[in-house]
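> Take the position in the sequence shown, starting the count at 1, then add 153; the result is the number in the numbering used here. We put the beta carbon where it would ideally sit given N, CA and C, even for glycine. Just so it is clear, the structure is predicted and the values come from calculations on it, not from any experiment.
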Amino acid sequence: MTTTVNPATGEVLARYTPMTRTEVDQAVTKAATAAAAWGGSAPAAAGAFAVGQAGASLAVRLQVLSRLAGQLRADSDRLASLITAEMGKPIAEAEGEIEKSALTADYYAANAEAILGDEQVEVQGAKAWVSYEPIGLVLAVMPWNFPVWQVLRFAIPTLAAGNGVLLKHSPNVTGSALELERLFVRAGFPEHLVTTLVIDEPEVPETIERLIEDDRIAAVTLTGSNRAGAAVGAAAGKASKRSVLELGGSDAFVVLADADVEAAAAAAVRARFTNSGQSCVCAKRFIVEAPIADEFLDHFILGVKALAVGDPTDRAVSLGPLARDDLRAALQKQVDDSVAAGAVLAAGGHSIDGPGYYFEPTVLTGTGPGMPAFDEETFGPLAAVAVAADAEEAITLANSTQYGLGLSVWTSTPDRGVEVARRITSGAAFINAVVASDPRLPFGGTKRSGYGRELSAAGIREFTNTRTYWVA
154 MTTTVNPATG EVLARYTPMT RTEVDQAVTK AATAAAAWGG SAPAAAGAFA VGQAGASLAV
214 RLQVLSRLAG QLRADSDRLA SLITAEMGKP IAEAEGEIEK SALTADYYAA NAEAILGDEQ
274 VEVQGAKAWV SYEPIGLVLA VMPWNFPVWQ VLRFAIPTLA AGNGVLLKHS PNVTGSALEL
334 ERLFVRAGFP EHLVTTLVID EPEVPETIER LIEDDRIAAV TLTGSNRAGA AVGAAAGKAS
394 KRSVLELGGS DAFVVLADAD VEAAAAAAVR ARFTNSGQSC VCAKRFIVEA PIADEFLDHF
454 ILGVKALAVG DPTDRAVSLG PLARDDLRAA LQKQVDDSVA AGAVLAAGGH SIDGPGYYFE
514 PTVLTGTGPG MPAFDEETFG PLAAVAVAAD AEEAITLANS TQYGLGLSVW TSTPDRGVEV
574 ARRITSGAAF INAVVASDPR LPFGGTKRSG YGRELSAAGI REFTNTRTYW VA
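1. Could you tell me the boundaries of the alpha helix (DSSP H) in which residue 422 lies?
2. At the level of alpha carbons, what is the spacing between residue 246 and residue 583?
3. Please determine if the region 253-268 and the region 301-312 are in contact, where contact requires at least 3 C-beta pairs separated by less than 8 angstroms.
4. When you compare each of 509, 550, 585 to residue 562 by their alpha carbons, which one comes out closest?
5. In the DSSP output, which residue or residues are listed as bridge partners for residue 273?
6. Would DSSP call residue 606 helix, strand or coil?
7. Just how far apart, CA to CA, sit residue 395 and residue 460?
8. Mind pulling the alpha helix (DSSP H) runs of 4 or more residues that sit fully within the region 379-464?
9. Rounded to whole angstroms, what's the CA-CA distance from residue 203 to residue 291? Just pull it up for me.
10. Checking 8 angstroms against the spacing of the C-beta atoms, do residue 181 and residue 364 come in under that value?
11. Using only the alpha-carbon positions, how far apart do residue 441 and residue 313 sit?
12. Quick check on residue 468: buried or exposed, where buried means 16 or more other Cβ atoms within 10 Å of its Cβ?
13. Would you call the region 382-393 in contact with the region 416-428, where contact means no fewer than 3 C-beta pairs closer than 8 angstroms?
14. Please confirm if residue 444 has its CB atom under 8 angstroms from at least one CB of chain B.
15. On the DSSP letters alone, give me the boundaries of the beta strand (DSSP E) that residue 560 sits inside.
16. Taking residue 497 as part of the beta strand (DSSP E), name the residues at either end of that continuous run.
17. Is it right to say residue 588 is buried, meaning 16 or more other beta carbons lie within 10 angstroms of its own, or is it exposed?
18. Taking the straight line between their C-alpha atoms, what separation do you get for residue 497 and residue 577?
19. Express the C-alpha separation of residue 301 and residue 315 in angstroms, rounding to a whole number.
20. On the CB-based measure, 16 or more other CB atoms within 10 Å of its CB, does residue 229 come out buried or exposed?
21. Thinking C-alpha only, which one of 447, 338, 286, 492 is nearest residue 616?
22. On the DSSP bridge assignment, give the partners of residue 350 in chain order.
23. According to DSSP, what are the bridge partners of residue 618?
24. Count the other CB atoms, across all protein chains shown, that sit within 10 Å of the CB of residue 525; report buried if there are 16 or more and exposed otherwise.
25. Would you mind giving the Cβ-Cβ distance between residue 377 and residue 556, rounded to the nearest angstrom? I have them listed as a contact below 8 angstroms.
26. Using only CA atoms, which one of 162, 558, 227 lies nearest to residue 336?
27. List the DSSP bridge partners of residue 169.
28. Specify the secondary structure class of residue 613 as computed by DSSP and reduced to three states.
29. Taking the C-alpha atoms as reference points, what is the distance between residue 476 and residue 239?
30. In chain order, what are the residue ranges of uninterrupted alpha helix (DSSP H) at least 4 long that sit wholly in the region 487-556?
31. Could you tell me which residues DSSP puts in a beta bridge with residue 370?
32. Short of 7 angstroms in beta carbon distance, which residues of its chain neighbour residue 235, apart from the five on each side in sequence? Order them along the chain.
33. Pick out whichever of 472, 608, 446, 351 has its Cα sitting closest to the Cα of residue 243.
34. For the beta strand (DSSP E) that contains residue 584, what are its first and last residues?
35. Please state the DSSP three-state secondary structure of residue 326.
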């Protein structure tokens, strides 16, 4: 039985019966059929869109996508409340997650035609072009920290490209996963084009590997842990199928000596503690040049201590609970082990007594390589601060990680910030701004943060067949 729990209270929300192996197979069959009809690789079922053997045209797909944006906004209150109940996100942030998803649908509805259009290539004696064509049904293994956004930032461009979506969501947000399946139907997408699988957790690894091997699955994408990513990437490689992995992050937030310290410190609080610190692109390691380190810490710790912790349905609250109690225990171990290794506890550092899975907003100073808070991904309200003697050491410390997702550099000289960023490995670099995803820009990582890109033109083309045509 799959059980969802309210992390703010510890109370059970709902119980779901996992699918049997036969039910999973039946769901895949229906999803593959819907994807083939939608993308045009097989005749549409009777009564489905009346688009004939060519499938749903791009124009039709984008019309439905526009309706999805409206449906998201119409259902925002209900969806946001469900997110907050299942994983504890503060309600205003949950509403923001829905609106960001709607904006992404708007973006692709307006731009997908140009992105997916045939590209003519001048060659002598022939007509040649490149076409971006659907590939079929894409398996998505998604995490709990952004129950709607994580799914839709992949699903929206994938559906616009003419593919179908088979969703295996995290068990603690099963209600959100099933609601998303219904949302797409309400918006006008064909039934089964987006299909949610509810799988008993012990059976997930074997089931995912089996699905990746299945000829009905064209590709796979995963957002999650490095362990899960390694398994999915290996299975996709064995099956010679395309994969996109968005894995862990330990983003550096570099504050150079010429930065506006007060502005950088205020941004640092937002960068670390959004979504209660449960985001792959949250800044986690704060690397500050020595001349301004004390001033930065004063402002930063004041901002952290001012965060309101409590009931995520209260709009005055900025920090809710962690999504699960085991995550809280893991965070406590990282804090304790880092302190044992020489870090200094400057704020917080402990679980909060009472119902729910709350943890104090925490700041560790004196951190560096060899400490869990610096070396590992910390998924919760824990900031690790390190002091660099100069910009060169700041670059060295920022690169001292197995991850490479995002980077934020703060300086009064933006050109210098870009120069520093070019010497630090990451999938994205933000100068005097907090790292964030945007539908207009590619999103993804390097090193152990994964490979492939979501969003923008790169994201919609990831799951297409880039096909060459040559007509002599």
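The answer reads as follows:
1. Along the sequence shown, read from residue 1 onward, the residue named residue 422 stands at position 269. Where residue 422 is concerned, the enclosing alpha helix (DSSP H) stretches over 414-426.
2. For the purposes of this step, residue 246 is taken as residue 93 along the sequence shown, with counting starting at 1. For the purposes of this step, residue 583 is taken as residue 430 along the sequence shown, with counting starting at 1. Between residue 246 and residue 583, the C-alpha separation is close to 21 angstroms.
3. Yes, the region 253-268 is in contact with the region 301-312.
4. Your numbering for residue 562 matches position 409 in the sequence shown. Ranking the options by Cα distance to residue 562, first place goes to 585.
5. On the sequence shown, residue 273 is found 120 positions in, with the first residue counted as 1. DSSP lists 282 as partners of residue 273.
6. Walking along the sequence shown from the start, residue 606 turns up at place 453. In this structure, DSSP gives residue 606 a state outside helix and strand, which the three-state scheme calls coil.
7. Mapped onto the sequence shown, residue 395 falls at position 242. Mapped onto the sequence shown, residue 460 falls at position 307. Residue 395 and residue 460 have their C-alpha atoms some 42 angstroms from each other.
8. Listed in chain order, they are 379-391, 414-426, 446-458.
9. For the purposes of this step, residue 203 is taken as the residue at position 50 of the sequence shown. For the purposes of this step, residue 291 is taken as the residue at position 138 of the sequence shown. With a pLDDT of only 35 at residue 203, under the threshold of 50, the placement of this residue in the model should not be trusted, and no figure is reported.
10. Counting from 1 along the sequence shown, the entry for residue 181 is found at position 28. Counting from 1 along the sequence shown, the entry for residue 364 is found at position 211. Taking a C-beta distance under 8 angstroms as the contact criterion, residue 181 and residue 364 qualify as a contact pair.
11. As a working mapping, residue 441 is identified with position 288 in the sequence shown. As a working mapping, residue 313 is identified with position 160 in the sequence shown. Taking the CA atoms as reference points, residue 441 sits about 43 angstroms from residue 313.
12. Taking the sequence shown and counting its residues from 1, one reaches residue 468 at position 315. Residue 468 counts as exposed, since fewer than 16 other C-beta atoms from the protein chains shown sit within 10 angstroms of its C-beta.
13. Pairwise C-beta distances place the region 382-393 out of contact with the region 416-428, as fewer than three of them are shorter than 8 angstroms.
14. In the structure shown, chain B cannot be found, because there is only a single protein chain.
15. On the sequence shown, residue 560 is found 407 positions in, with the first residue counted as 1. Under the DSSP assignment, residue 560 falls in the beta strand (DSSP E) whose first and last residues are 559-563.
16. Counting from one through the sequence shown, the residue named residue 497 turns up at place 344. For residue 497, the enclosing beta strand (DSSP E) begins and ends at 497-500.
17. On the sequence shown, position 435 is the one that residue 588 refers to. Buried is the call here.
18. Residue 497 sits at position 344 when you count from the first residue of the sequence shown. Residue 577 sits at position 424 when you count from the first residue of the sequence shown. Distance between the alpha carbons of residue 497 and residue 577: 26 angstroms.
19. The count along the sequence shown starts at 1 and reaches residue 315 at position 162. The count along the sequence shown starts at 1 and reaches residue 301 at position 148. Straight-line measurement puts the Cα of residue 301 at about 20 angstroms from the Cα of residue 315.
20. The count along the sequence shown starts at 1 and reaches residue 229 at position 76. Residue 229 should be labelled buried.
21. One-based indexing of the sequence shown puts residue 616 at position 463. Out of 447, 338, 286, 492, the CA that lies nearest to the CA of residue 616 is found in 286.
22. For the purposes of this step, residue 350 is identified with residue 197 of the sequence shown, where counting begins at 1. Answer is 321.
23. Start at 1 with the first residue of the sequence shown, and residue 618 comes out as number 465. Here residue 618 is bridged, per DSSP, to 286.
24. Working through the sequence shown from its first residue, we reach residue 525 at position 372. It counts as buried.
25. Along the sequence shown, read from residue 1 onward, the residue named residue 377 stands at position 224. Along the sequence shown, read from residue 1 onward, the residue named residue 556 stands at position 403. 14 angstroms between Cβ atoms; not a contact.
26. Mapped onto the sequence shown, residue 336 falls at position 183. Ranking the options by Cα distance to residue 336, first place goes to 227.
27. On the sequence shown, position 16 is the one that residue 169 refers to. Looking at the DSSP output, residue 169 shares a beta bridge with 155.
28. Taking the first residue of the sequence shown as 1, we reach residue 613 at position 460. Three-state DSSP puts residue 613 in a helix.
29. Counting from 1 along the sequence shown, the entry for residue 476 is found at position 323. Counting from 1 along the sequence shown, the entry for residue 239 is found at position 86. The alpha-carbon atoms of residue 476 and residue 239 are separated by roughly 8 angstroms.
30. 525-528, 544-552, all fully within the region 487-556.
31. Counting from one through the sequence shown, the residue named residue 370 turns up at place 217. DSSP, once it has assigned bridges, lists 290 as partnering residue 370.
32. To locate residue 235, count along the sequence shown from 1; it is residue 82. So the list reads 328, 329, 332, once near-sequence residues are dropped.
33. Stepping through the sequence shown from its first residue, residue 243 is reached at position 90. Of all alpha-carbon atoms in 472, 608, 446, 351, the one lying nearest the alpha-carbon of residue 243 is that of 472.
34. Numbered from 1 along the sequence shown, position 431 holds the residue referred to as residue 584. Residue 584 -> beta strand (DSSP E) spans 581-584.
35. Locating residue 326 in the sequence shown gives position 173, where the first residue counts as 1. DSSP, reduced to helix, strand and coil, places residue 326 within a helical segment of the structure shown.
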